[in-house]
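In what follows, a structure is listed as structure tokens, so that the remarks can point back to it.
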Amino acid sequence: MTAAPVPRNAPPSRSGPPRMRAGHWVLLVLGVLLSLLGLGLTIGGAVLAGADAAQRDGRYLTGETERYQSTGYALTSPSVVIDPGGAGMPGVPGVEELAGVQVRVTPVVPGQEIFVGIADASDASAYLQDVPQTSLGNASWSSPGGRGLSWTDDDELRRQPTGTRTPADPGAQDFWVTSASGTGTQEITFDLQPGQWSLVVVNADTTRPVWVDLQAGARTELLGPFGSGLLIAGLVGLVVGLPLLLLGTRGLGRDIDPAAREDRPRTGSGPGAALAQHSGRSGGSGPGCPVRVSGFLDQRLSRGLWLVKWLLAIPHYIVLAILWVALVVTTIAAGITVLFTGRYPRSWFAFSVGVLRWSWRVGFYAYSVLGTDRYPPFTLAAADYPAAFDVAYPARLSRGLVLVKWWLLAIPHLLVVGVLTSGTGTWGTEWDESGRATTTSWGPSLLGLLVLIAAVILLFTGRYRYGLFALVVGLNRWIYRVSAYVLLLRDEYPPFRLDQGPVDPHPAPDDRERAPGPQIGAPAPGNRPPWGG
């Protein structure tokens, strides 16, 4: 008996998930890194450009007004050293031409005359020698009208400024480079100069204590050039990174689904094939759900492995962080395509489903379910694993729904998903006798609480309660159905239905058409659960 000849051009047979080319991964990673860098630089450049516009016409960028109080005769700032650096070099402007500061001081006590000045640090130190004083860094402060907050501990606040001498009349001194005094708000400006400088605030009549509202501001001519440079660099990063990212996701999608090479509906047999064919003919209508989420509990689970799964899953979390950045960009690009053509590009569709599939496997292994101890495979494609995910490819999508379904129509489901996945808690502010603020409390999400209960039971009994497992999988199924809808993969509105269990109890409308063979989410031989799957 002779073997049949193999055609020369026949593709090599292979088993297991499709192999994804390394070049597509390189494009994806480079695209994500350049896009994130470009986005960060663009945002930074826009912020600097806005700040530069805000300081035009001689205006200063000011901070919040803060209230300072001292039991001494003076408030002083730590000395600031300004090094001219490139002073004297041709073409390099002096530091005084690049930046300046503004200080506004308002006495809290009505009618109190206040003095504020800037002087060389040595002159200010000599003027205040043996004078009780408080550094602005150690003074107690608060927002005007609010309760006091402390920069330092209680011992520092109780400590009285040391010294025995009363300062001389500040207005009679000639070493101030700039100063102002009066009963209202006093404002001084100072163009930075080489040297070591200190700010001094005293009552004009040299009495104690000193209690003022202080607001500082600054301006610099460097914001415009720096902002423009960051904007240009950021736009270049986006222009280069986004195409690389989209090319990488397109290539990975084609590696996952060979039918995407010709952008045509999937044919053949295997998991999800008949589902895609039926949805392509009927638009996905029917009693079933085109999003299929399954997960089968291992018969034997380690009692304590879940304690370190967060560490074991770190490599997957890193890869998923990159993939989800790419998924967001791909969804935006696909949404624009759907808006004009009514079709979701097949390669991007396969990539998006692959990211959700990978996320579900990692969640099933880790802290979304803890349903298996089998380490998840590093692949976007379907694989022999207890957790499976698939979405039928739609022949057409609504052009109009793409504008509203991912945010407006999805709001009811997003609220439910928020309850399932977000931690609960209350936030509040209470003031104790020392003037300190206390905030409160946080609790785990509903899904997290259920998984924690299952983990504790597993730790002490070695068993995962099946009823609890079925509920946890059902909650995750709801989350992934909503995710597929928000990511524009389907137009069918997700059902408000908690379908518990390892497989969807509401079969897709094509189940009778499936070819014989392994189905979506079917457990591997020898891995069938004791309740019969």
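If you read the sequence shown in the numbering used here, its first letter stands for residue 1090, the second for the next number, and so on. Virtual Cβ for every residue (Gly too), placed ideally from N, Cα, C.
Asked: Between the CA atoms of Pro1221 and Tyr1149 - distance to the nearest angstrom; Found: 32 Å
Asked: Sequence-distant residues of its chain with Cβ nearer than 6 Å to Lys1398 (five each side left out); Found: Ala1455
Asked: Bridge-paired residues (DSSP) for Val1190; Found: Phe1279, Ala1307
Asked: Three-pair Cβ contact test at 8 Å for the stretch 1287 to 1300 versus the stretch 1251 to 1262; Found: yes
Asked: Residues near Leu1535 in its chain [Cβ-Cβ closer than 7 Å; skip 5 each side]; Found: Val1508, Leu1509
Asked: Three-state class that DSSP yields for Phe1585 in the structure shown; Found: coil
Asked: Between the CA atoms of Leu1331 and Trp1567 - distance to the nearest angstrom; Found: 31 Å
Asked: Neighbour-count burial assignment, Gly1443, 16 or more Cβ in a 10 Å radius; Found: buried
Asked: Pro1196 (DSSP reduced to helix, strand or coil); Found: strand
Asked: Classification of Gln1366 by the beta-carbon crowding that lies within 10 angstroms, buried from 16 upward; Found: Confidence in Gln1366 is poor, its pLDDT being 40 and thus under 50, which makes the residue's placement unreliable; the coordinate value appears in the next sentence. The residue in question, Gln1366, is buried, as its Cβ has 16 or more Cβ neighbours within 10 Å.
Asked: Three-state secondary structure assigned by DSSP to Leu1246; Found: The predicted position of Leu1246 is uncertain, since its pLDDT is 38 and thus under 50; no value can be drawn from it.
Asked: Within 7 Å, strictly: CB atoms of Leu1578 and Val1480; Found: yes
Asked: Tyr1569 versus Phe1438: straight-line alpha-carbon distance, rounded; Found: 15 Å
Asked: Nonlocal neighbours in the same chain, by C-beta distance under 7 Å from Asp1588, ignoring five residues either side; Found: Gly1563, Arg1566, Pro1594, His1595
Asked: Asp1077 burial status per 10 Å Cβ neighbour count (16 or more: buried); Found: Since the first residue of the chain shown is 1090 and the last is 1622, residue 1077 is not available in this structure.
Asked: Distance, Gly1152 Cα to Ser1224 Cα; Found: 19 Å
Asked: Cutoff 7 Å; reference Leu1409; Cβ partners in own chain excluding five residues on either side; Found: Trp1447, Ser1448, Val1451
Asked: Assigned secondary structure, Arg1350 (DSSP; H/G/I helix, E/B strand, else coil); Found: helix
Asked: Rounded separation between Ala1362 and Leu1117 - CA only; Found: Residue confidence is low: Ala1362 scores 42 on pLDDT, short of 50, so the model does not pin down where it sits. Its coordinate-derived value is still stated next. The alpha-carbon atoms of Ala1362 and Leu1117 are separated by roughly 27 Å.
Asked: Heavy atom of the ligand SAH within 6 Å of Thr1426 beta-carbon; Found: Questions concerning the ligand SAH fall outside what the structure shown contains, since it holds no ligand whatsoever.
Asked: Own chain, CB closer than 8 Å to Tyr1406, minus 5 neighbours either side, in chain order; Found: Val1451
Asked: Inter-residue spacing [alpha-carbon to alpha-carbon] between Ala1055 and Tyr1464; Found: Absent from the model: residue 1055. The displayed extent of the chain is 1090 to 1622, so no value can be given.
Asked: Among Pro1196, Val1505, Leu1137, Val1170, nearest to Glu1310 - alpha-carbon criterion; Found: Leu1137
Asked: Whole-angstrom C-beta distance between Val1414 and Val1121, which should lie under 8 Å; Found: 5 Å
Asked: Presumed contact (8 Å Cβ cut-off) between Asp1580 and Leu1428, rounded CB distance; Found: Rounded, the Cβ-Cβ distance is 13 Å, inconsistent with contact.
Asked: Thr1154 in three-state terms, based on DSSP; Found: coil
Asked: Cut-off 6 Å between Cβ atoms - residues of its own chain near Val1380, not counting five sequence neighbours on either side; Found: Val1480, Arg1570, Ala1573
Asked: Residue from Pro1591, Ile1203, Gly1112 whose Cα sits closest to the Cα of Arg1343; Found: Gly1112
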